[in-house]
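Residues in the sequence shown are numbered consecutively from 280, following the working numbering.
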Amino acid sequence: MDGEAIIFGLVIRCIFGGICAAIASSKGRNPVGWFFIGFFIACIGLVIVLCLPNLHEQQEASRIQEDMNRRLREQLRQEQMKVDALRAHTAARLDAHDAALKMDTRATAPALLASSPPRPSLGGPPQYRPTALENNRPVWFYLDQSSSQQGPVTLARIKEEASIGAVHQETLVWREGMPDWAPAQQTPELQPLFQVS
């Protein structure tokens with residue numbers, strides 16, 4: 280009777296080991312290791328392997344995310360090239376206009392010829408800085424909910440956007456004088472908009 284109980288126990292453990300190995304293999308894990316886990320701790324091993332995330336799905340999701348990020352970076356690069364080309368074309372046309380009229384509009388329209396705002400990067404200071412708008416009001420830029428850069432805009436416009444929910448606490452904003460993009464709630468000018476009373 281004891282021999283049959285031992286054999287029955289070994290068969291049950293082998294079944295649990297096999298089930299654990301099969302599930303582990305389908306989740307991208309080592310089936311041999313999971314066979315022994317299932318063999319020695321039976322039901323507990325089965326519960327553990329069922330609770331583990333699927334490595335195949337995680338790797339596929341990571342690959343898809345990386346591919347999407349690569350495409351978006353390329354799209355942003357192309358958009359920046361288009362903006363730079365348009366800015367250069369506009370500047371050339373204004374220069375030709377100035378030459379024909381023998382006047383200098385660059386001095387009267389600095390906001391039109393301002394350089395690009397910084398690209399959103401959390402790793403360092405911006406590479407470009409715009410000039411101030413007329414009347415010494417700072418130029419603001421922000422990233423909307425689709426991560427598209429908006430601006431240049433005035434502080435009043437950002438406050439309007441905040442009042443309708445387009446700009447919120449975590450929206451990244453930047454103005455001349457800031458070292459890098461920062462959440463709106465961390466900028467002194469915008470903090471009062473997000474304080475709970």
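Every residue gets a Cβ at the ideal spot worked out from N, C-alpha and C, and that includes glycine.
- Secondary structure at P471: helix, using DSSP grouped into helix, strand and coil.
- Under a 10 Å Cβ-count criterion, L365 is classified as exposed, with fewer than 16 other Cβ atoms of the shown protein chains found around its own Cβ.
- With a cut-off of 8 Å on Cβ pairs, the region 309-319 is not in contact with the region 337-350, counting fewer than three such pairs.
- Here L325 is buried: its Cβ has 16 or more other Cβ atoms, across all protein chains shown, within 10 Å.
- With respect to P462, Q448 sits close: the two C-beta atoms are nearer than 9 Å.
- With contact defined as three or more Cβ pairs closer than 8 Å, the region 297-314 and the region 328-339 are in contact.
- When the Cα atoms are used, W419 and R454 turn out to be separated by approximately 5 Å.
- Remark: C-beta atoms of I437 and Y421 approach each other more closely than 9 Å.
- Take the alpha-carbon of E468 and the one of K361: they are about 32 Å apart.
- Around the Cβ of I285, a 10 Å sphere holds fewer than 16 other Cβ atoms; the residue is exposed.
- When C-alpha distances from C322 are compared across G288, R349, L451, V432, the shortest belongs to G288.
- Residue environment: A375 is assigned as exposed (fewer than 16 neighbouring CB atoms within 10 Å of its CB, all protein chains considered).
- Bounds of the alpha helix (DSSP H) holding G317 are 310-330.
- D423 is a Cβ neighbour of A445, given a cutoff of 9 Å.
- Judged by DSSP in its simplified three-state form, Q424 adopts coil rather than helix or strand.
- If you look at V452, you'll find it in the beta strand (DSSP E) that goes 451-454.
- It is roughly 13 Å from the alpha-carbon of P332 to the alpha-carbon of E339.
- Taking a 10 Å sphere around the C-beta of P471, we find fewer than 16 other C-beta atoms and assign the residue as exposed.
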